[in-house]
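Data first, discussion second: the structure below is written as structure tokens.
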Amino acid sequence: MVLKLYYLEDGPPSLSCRQTLEALEVPFEIVNVSFYHGEHMTEEFEKKNPQKELPVLEDDGFFLSESVAMMQYICDKFKPNSPLYPTDPKAR
Numbered sequence: 001m002v003l004k005l006y007y008l009e010d011g012p013p014s015l016s017c018r019q020t021l022e023a024l025e026v027p028f029e030i031v032n033v034s035f036y037h038g039e040h041m042t043e044e045f046e047k048k049n050p051q052k053e054l055p056v057l058e059d060d061g062f063f064l065s066e067s068v069a070m071m072q073y074i075c076d077k078f079k080p081n082s083p084l085y086p087t088d089p090k091a092r
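Each step along the sequence shown adds one to the number in the UniProt record's numbering, with nothing skipped, and position 73 is 73.
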């Protein structure tokens, strides 16, 4: 299953997660969420993230929020030896 990135187009945390996925060449789908229309406040979205914040990463029914945690997850799962997020804590 392709990852889904629930995304706020002009949000820096969303952009950081998108750039991480692109840099590591991980296939993903963007799902734009409209703050203006309150799409993040729906019951359906609350199931993805109870805090109703963006971005949210969906990986085969697993939902993850908080952009830094998402970027670490992406690196660990898809490119564990990437210099983008080294495995050596001192190199980070």
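Idealized CB from N, CA, C, for every residue including glycine.
- Counting C-beta atoms within 10 angstroms of its own C-beta, Thr-87 has fewer than 16 neighbours from the protein chains shown and is therefore classed as exposed.
- Less than 8 Å separates the beta-carbon of Leu-3 from that of Phe-28.
- Its Cα nearest to that of Gln-19, the residue Gln-72 stands out among Arg-92, Glu-44, Gln-72.
- Runs of the alpha helix (DSSP H) lying entirely within the UniProt domain "GST N-terminal" (1–82) and spanning at least 4 residues, in chain order: 12–23, 43–48, 67–78.
- Listed in chain order, the non-local C-beta contacts of Ile-74 below 7 Å within the same chain comprise Thr-20, Leu-21, Leu-24, Val-26, local neighbours out to five positions each way being set aside.
- Non-local C-beta neighbours of Asn-32 in its own chain, meaning closer than 7 Å and more than five positions away in sequence, comprise Tyr-7, Glu-9, ordered along the chain.
- Cβ-Cβ distances below 8 Å link Met-41 to Lys-52 in the same chain, with the five nearest sequence neighbours on each side left out; the list follows chain order.
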